[in-house]
Amino acid sequence: MRRGVVSLAVQAAGWTPARFPVVTLAGFSKGGVVLNQVLADIGNAEARQLSSTIAAFLAALQTVHYLDVGLGCRGAFLTDPGALDGLARQVAAPAAPRSFRIVFHVTPRTREPRHMPWIAAERARMLALLRERRVGCELCEHFGDRRDDSLDLHFQVHSAWRQAAICCD
7 MRRGVVSLAV QAAGWTPARF PVVTLAGFSK GGVVLNQVLA DIGNAEARQL SSTIAAFLAA
67 LQTVHYLDVG LGCRGAFLTD PGALDGLARQ VAAPAAPRSF RIVFHVTPRT REPRHMPWIA
127 AERARMLALL RERRVGCELC EHFGDRRDDS LDLHFQVHSA WRQAAICCD
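Throughout, the working numbering is defined as the position within the sequence shown, counted from one, plus 6.
Spelled out as structure tokens, the structure:
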């Protein structure tokens, strides 16, 4: 695996294969771009080239949470079929966790944003690509009874995520 985001993070944290009980990743708002890069790095890696530390990280990775992700330009979600093909292979590997899933948490701000219509389209595309590849994924809507797309709700998604036992770890 090339020296991507995952490799650099594992090295910087000083993690070893024995120190990965369960890994959950979350990216809020623009942080979804980082999740995209992590998932693309995993998807583009060849299993036989993974170091034991990266393989252990991947085996411990159980859930990835996109928390009300959005950008002022295209690219909020990973929609590269090739990277998602590779991700599907990696999470289906014998060492991978059986319960791996990706959860998309949305508020009225990113559900159907009038000012950024590509966000909903990209999220729908990523969900469809993941489902086609049988990668566990779900859409969790927060504040569905609200119609306003306030920035306040955008930031409240953190609290909602922690309290939503149905959609979260």
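Glycine is no exception: its CB is placed at the ideal position from the N, C-alpha and C atoms.
For clarity, every value in this text was computed on a predicted model and none was experimentally measured.
Considering only their Cβ atoms, is the gap separating residue j from residue i smaller than 9 angstroms?
| i | j | result |
| --- | --- | --- |
| G49 | G88 | yes |
| P114 | F149 | yes |
| G37 | V70 | no |
| V39 | G81 | yes |
| I108 | E147 | no |
First and last residue of the beta strand (DSSP E) that includes residue i?
| i | result |
| --- | --- |
| A32 | 29-34 |
| F83 | Where F83 is concerned, there is no enclosing beta strand (DSSP E), given that its DSSP letter is neither H nor E. |
When you compare the CB of residue i with every CB in chain E, is at least one pair closer than 9 angstroms?
| i | result |
| --- | --- |
| H71 | The question asks about chain E, but that chain is absent: this structure has only one protein chain. |
Assuming residue i contacts residue j under a Cβ cut-off of 8 angstroms, what Cβ separation, rounded to an integer in Å, is found between them?
| i | j | result |
| --- | --- | --- |
| A32 | L73 | 6 angstroms |
| L77 | L135 | Contact doesn't hold; Cβ gap of about 18 angstroms is too wide. |
| M132 | F63 | That pair is no contact at about 22 angstroms. |
| A2 | R117 | Shown here, the chain extends from 7 to 175; a query on residue 2 therefore has no answer. |
| L67 | F110 | At roughly 17 angstroms, the Cβ-Cβ gap does not stay under 8 angstroms, so L67 and F110 are not in contact. |
| R139 | A94 | 4 angstroms |
Which residue or residues does DSSP assign as beta-bridge partners of residue i?
| i | result |
| --- | --- |
| E147 | V112 |
| G179 | Given that the chain is displayed from residue 7 to residue 175, the structure contains no residue 179 and the question cannot be resolved. |
| R153 | None, per the DSSP bridge assignment. |
Count the other CB atoms within 10 Å of the CB of residue i; is the residue buried (16 or more) or exposed (fewer)?
| i | result |
| --- | --- |
| I172 | Summary for I172: the model assigns pLDDT 46, below 50, so the residue's position carries little reliability; its value from the coordinates is reported in the next sentence. By the 10 Å Cβ count, I172 comes out exposed. |
| D47 | buried |
| E52 | exposed |
| V28 | exposed |
| A98 | exposed |
| Q96 | buried |
Which residue comes first and which comes last in the alpha helix (DSSP H) that contains residue i?
| i | result |
| --- | --- |
| S58 | 58-66 |
| M132 | 124-138 |
| Q43 | 38-50 |
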